[in-house]
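Visitor: If you read the sequence shown in the numbering used here, its first letter stands for residue 179, the second for the next number, and so on.
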Amino acid sequence: MTGAEPVDDGRCFACGPCNAEGMHLRFAPDGERGVRARITLPPRFQGWRGTAHGGIVMTMLDEAMAHACGAIGERGLTASMQLRFRAPVPLGVALDVTGTVKWKRRHVIALDASITLADGTLLASAEGSFVSKGPLATKERLGAPDLRFA
């Protein structure tokens, strides 16, 4: 990392609308400190037959936490993440991906994220620590397209 400020150019693999191969996650605010997205994973994200690759699962959880940082007006970068796979994440069914800020102290933001089925069955969860790179610009805080809020 060069220390340069992160710039959203729309090519993020997880949420970028300009990345043809990406996941195209679209997060919406969920309470004051969280975000939520719904996604149905296509076969190109497969690991074992019928299930999502573990790296894809981790990507969704990381992205949910990054967008939750935005929910409190911060631009956060992943410092550490612990992931727990609880059940296979299926392809071709609606999944809910959520991220929530637990606390912020100085430049550290602690978060939780989860992936569930529509009926609430927990498939994967994560805890993470993010480093704040400072406040989001006003238009980003208001849910401009840069943040991929629906």
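Even for Gly, the Cβ is constructed at its ideal location relative to N, Cα and C.
Measure the alpha-carbon distance for P266 versus A198 and round it to whole angstroms.
Guide: Going from the Cα of P266 to the Cα of A198 covers about 26 Å.
Visitor: Rounded to whole angstroms, what is the Cα-Cα separation between A272 and R222?
Guide: Computed Cα separation, rounded: 16 Å.
Visitor: Would you tell me roughly how many angstroms separate the C-alpha atoms of T276 and G254, rounded to the nearest one?
Guide: Cα to Cα, the separation comes out at about 16 Å.
Visitor: Give me the Cβ distance between A304 and L261, rounded to the nearest whole Å; I'm assuming they're in contact under 8 Å.
Guide: That pair is a contact at about 5 Å.
Visitor: For S310 versus E241, is the C-beta distance shorter than 7 Å?
Guide: No, these two residues do not count as a Cβ contact at 7 Å.
Visitor: Which runs of the beta strand (DSSP E) spanning at least 3 residues fall entirely within the stretch 244-321, listed in chain order?
Guide: Whole beta strand (DSSP E) segments, 3+ residues: 252-263, 272-283, 286-295 and 300-313.
Visitor: Considering only the beta carbon of each residue, do A257 and R211 sit closer than 7 Å?
Guide: Not a contact, by the Cβ cut-off of 7 Å.
Visitor: Out of curiosity, what's the CA-to-CA distance linking D324 and R214?
Guide: Low confidence applies here, because D324 scores a pLDDT of 44, under 50, leaving its location unreliable; read the following figure in that light. Roughly 16 Å separates the two Cα atoms.
Visitor: Which residues in the same chain have their Cβ closer than 6 Å to the Cβ of M201, if we skip the five residues on either side of it in sequence?
Guide: Same-chain partners within the cutoff: A192.
Visitor: Whole angstroms is fine: what's the gap from G188's alpha carbon to L203's?
Guide: Near 12 Å, if we compare the C-alpha coordinates of L203 and G188.
Visitor: In chain order, what residues of the same chain have a beta carbon less than 7 Å from the beta carbon of V286, not counting five sequence neighbours either side?
Guide: If we look at V286 and ignore the five residues flanking it on each side, its Cβ neighbours are S307 and V309.
Visitor: Out of L314, R283 and R264, state which residue places its alpha-carbon closest to the alpha-carbon of S292.
Guide: The shortest Cα separation from S292 among L314, R283 and R264 belongs to R264.
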